[in-house]
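When we follow my numbering, the leftmost residue of the sequence shown carries the number 257, and every step to the right adds one.
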Amino acid sequence: FVVAMKAAAGFMQEMAKPGAEVDFDRTKHYVPVVRDAFAVVERYWLDRNQDGKYFKDIALAEEMIKLASDMGVAANLQNADGVRWAVQTLGERCNTCHDVRREKGPDGFLIKN
């Protein structure tokens, strides 16, 4: 999970740079990185979902995987606006989960269950 979150953070840092939305090769590089990261996140919450408590977390991870695919389609079409939208939406959705499930610990962030 931590490795997946670090991969997603690296993606966000790179794609937040000025002009990143027109670097279609870089965008395409990150599509499987983001999809794989959120597949790990989805599995993390599925494994803990015996009582149905994490339905929203699972759905959010699935949405993130779709958004990564949408970003790839935009990059293939060389649509900078589409790439920008996907990256911005991915970032917003990351914050949605972080606000609910993440807290600062002594050595970094911890996951709240």
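We put the beta carbon where it would ideally sit given N, CA and C, even for glycine. Note that this is a predicted model, so its numbers are computed, not measured.
If you draw a straight line from the C-alpha of residue i to the C-alpha of residue j, how long is it?
i: K368; j: Y286; result: 27 Å
i: N305; j: C350; result: 20 Å
i: A264; j: V290; result: 6 Å
i: A331; j: D355; result: 29 Å
i: W301; j: P288; result: 20 Å
i: V329; j: G364; result: 34 Å
i: E277; j: T352; result: 23 Å
i: W341; j: R299; result: 26 Å
i: L366; j: K360; result: 6 Å
i: A315; j: F257; result: 17 Å
i: K220; j: D326; result: With the chain represented from 257 up to 369, any question about residue 220 goes unanswered, as that position is not in the structure.
i: I321; j: E270; result: 18 Å
i: G275; j: R357; result: 31 Å
Grouping DSSP H, G and I as helix and E and B as strand, with all else coil, what is residue i?
i: F257; result: coil
i: G308; result: coil
i: G361; result: strand
Please work out which residues of its chain come closer than 8 Å, Cβ to Cβ, to residue i, disregarding the five sequence neighbours upstream and downstream, and give them in chain order.
i: E319; result: R349
i: T345; result: L323
Might you give, ordered along the chain, the residues of its own chain that have their beta carbon closer than 6 Å to the beta carbon of residue i, omitting 5 neighbours on each side?
i: Q334; result: F280
Can you tell me where the alpha helix (DSSP H) holding residue i begins and where it ends?
i: K322; result: F311 to N332
i: K284; result: F280 to D303
Check the C-beta distance from residue i over to residue j and give it rounded, since I have them as a contact under 8 Å.
i: A272; j: A293; result: Not quite, the Cβ-Cβ distance comes to about 16 Å (not below 8 Å), so this is no contact.
Skipping 5 residues on each side, what residues in its chain have a beta carbon closer than 7 Å to that of residue i?
i: F267; result: Y286, V289 and V290
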